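So the structure is just underneath, and the comments pick up after that.
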Amino acid sequence: MRMRVCIASLAVSILFAAILFAGGKGSTVNAQQAPPAIEVKIDNFSFGPAAITVPVGTTVTWTNRDDIPHTVVSDDKVFKSKVLDTEEQFSYTFSRPGTYPYFCSVHPKMTGKVIVQ
Amino acid sequence: MAGKTKDEILYDHNHDGIDRRGFLKCMAWAGTGTLCLMQGGVLKSFALNRPGDPGPAVAKGELSFVQISDSHMGFNKPANTDVAGTLQAAVDKINGLATPPEFLLHTGDISHLSRAEQFDNVDQILKSTGKQTFFVPGEHDVLDDDGKQFRERYAKNSKGAGWYSFDQKGVHFVGLVNVMNLKAGGLGSLGHDQLEWLEDDVKHLKSSTPIVVFAHIPLWTVYPEWGWGTEDSAQALGYLKKFGSVTVLNGHIHQTMQKVEGNVTFHTAASTAFPQPEPGKAPSPGPMTVPTDQLRSYLGITNVNYVEGHGALAVVDSKLG
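In order, the protein sequence lines correspond to chains S and U. Going by our numbering, the first residue of the first sequence is number 383, and it counts up by one from there. Going by our numbering, the first residue of the second sequence is number 46, and it counts up by one from there.
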């Protein structure tokens, strides 16, 4: 009886470990297949969220949801979109850490920031 | 103009030292364009959709011209799905004037997306006026190409980013560009080179020469939160201090505003395309959708009291009859 309990207990432990291992392995695989991505929406002449913090490798996609065209232009000329009409998108992948302030060159009061860690 | 006091613009000075020029009776207006008359160096503007234009008796000025603005050809959102139709309506008004204008000024945002076919469409519609049109670019006219196409079409003999001046019947006109090289967080900008050029352009003129300055973004601070102003406009106006009559014509904000400050009279024109909200009265300055059957009358009706700092910056009460 005692032996059976031990075996059962061992089996449960092995099973648990297997699940843990699989789970860990699985998430690693997912991260490699789908690099981090994040959306920024342009609404009412503003970027939302205006400031984001993302890991290196993240692709940020901006979508213009206004009736008026906008652009997404890095203050330091690191990235620069073409003009985005309604529902048009611009994406940029951040491969280096740093702080990237940006603005709409058509409406420069619109500003945002991407912090890459 | 006598007996039409309801059409006159009222200036609320709020004891802030803004000088009222008692002889200036700018007509309130709304709609699709403005008729400007120069009389004795004083510019008077008239609504094109008032019942009848000023008529020959009033219109014996030395010079008359029409300002239109913000045609946004290519815009097709609910605020106006037929911007070609409303521009055509503006042209029909111009062609119906008892006193034909000498020429037209277009104060920018000719196109919505700087596309060749949008500029072509505007050119085609304006052609029926048979008048020369002087253009300055809006930010929508210089997208993606730093204004190259604009200058090739409308400002071939201009300086720098597209600024120029010309004289008509003793009046000196200056077209300025304040939509280029805008900085993050900033307002409209003229820039060092253009300011130097302006200083040089006007320094040989007699102080009695009437000056008309036209540019897209207002050359006075209407509402900085929405970028409705030009960061270095004070320097530009400084070069014009010696002149007895300076008239500044702008667009961009899709509503009429007037202000008199010393020797300078500021006007912003309505759009021919769609109205924008009063400063701060909406979450953003985006297009304002009004009932379709009211659109044409709504354009330009909006009057604004914007108070900045210690007093009323400029208060203009303009009403339709």
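Glycine residues also receive a C-beta, built at the ideal position from the N, C-alpha and C atoms. All figures in this text were calculated on a predicted structure; none of them were measured in a lab.
Pick from the options that is closest to residue i, judged by C-alpha positions
i, options, result
"residue 242/U", "206/U, 167/U, 184/U", "206/U"
"residue 433/S", "494/S, 481/S, 499/S", "494/S"
"residue 417/S", "456/S, 439/S, 462/S, 469/S", "439/S"
"residue 214/U", "174/U, 255/U, 193/U, 230/U", "255/U"
"residue 339/U", "212/U, 110/U, 124/U, 257/U", "124/U"
"residue 198/U", "218/U, 175/U, 164/U, 176/U", "164/U"
"residue 285/U", "295/U, 176/U, 184/U, 251/U", "251/U"
Any chain S beta carbon closer than 8 Å to residue i
i, result
"residue 189/U", "yes"
"residue 228/U", "yes"
"residue 296/U", "no"
"residue 241/U", "no"
"residue 184/U", "yes"
"residue 330/U", "yes"
Exposed unless 16 or more other CB atoms sit within 10 angstroms - verdict on residue i
i, result
"residue 341/U", "buried"
"residue 477/S", "exposed"
"residue 313/U", "buried"
"residue 263/U", "buried"
"residue 447/S", "exposed"
"residue 112/U", "buried"
"residue 303/U", "buried"
"residue 330/U", "buried"
Straight-line gap, residue i to residue j (C-alpha atoms, nearest Å)
i, j, result
"residue 150/U", "residue 318/U", "16 Å"
"residue 131/U", "residue 181/U", "20 Å"
"residue 161/U", "residue 191/U", "14 Å"
"residue 480/S", "residue 441/S", "14 Å"
"residue 157/U", "residue 422/S", "24 Å"
"residue 332/U", "residue 497/S", "32 Å"
"residue 219/U", "residue 292/U", "10 Å"
"residue 120/U", "residue 185/U", "11 Å"
"residue 490/S", "residue 143/U", "42 Å"
"residue 58/U", "residue 175/U", "Note that residue 58/U scores a pLDDT of 37, beneath 50, so its modelled location is shaky; the value from the coordinates is reported in the next line. Rounded to the nearest angstrom, the two C-alpha atoms are 41 Å apart."
"residue 226/U", "residue 290/U", "30 Å"
"residue 300/U", "residue 320/U", "6 Å"
"residue 272/U", "residue 455/S", "17 Å"
8 Å Cβ cutoff, residue i in contact with chain U
i, result
"residue 447/S", "no"
"residue 489/S", "yes"
"residue 479/S", "no"
"residue 458/S", "no"
"residue 409/S", "Because the pLDDT of residue 409/S is 41, which lies under 50, any placement of that residue in the model is unreliable, and the question is left without a value."
"residue 461/S", "no"
"residue 450/S", "yes"
"residue 418/S", "no"
"residue 429/S", "no"
Residue i: first and last residue of the uninterrupted beta strand (DSSP E) it sits in
i, result
"residue 484/S", "480-485"
"residue 109/U", "108-113"
Unbroken alpha helix (DSSP H) run spanning residue i, endpoints
i, result
"residue 239/U", "237-247"
Residues in the stretch 463-476 of chain S with C-beta within 8 Å of chain B's C-beta atoms, listed in sequence order?
Going by chain labels, chain B is absent from the structure shown, which instead holds the protein chains S and U.
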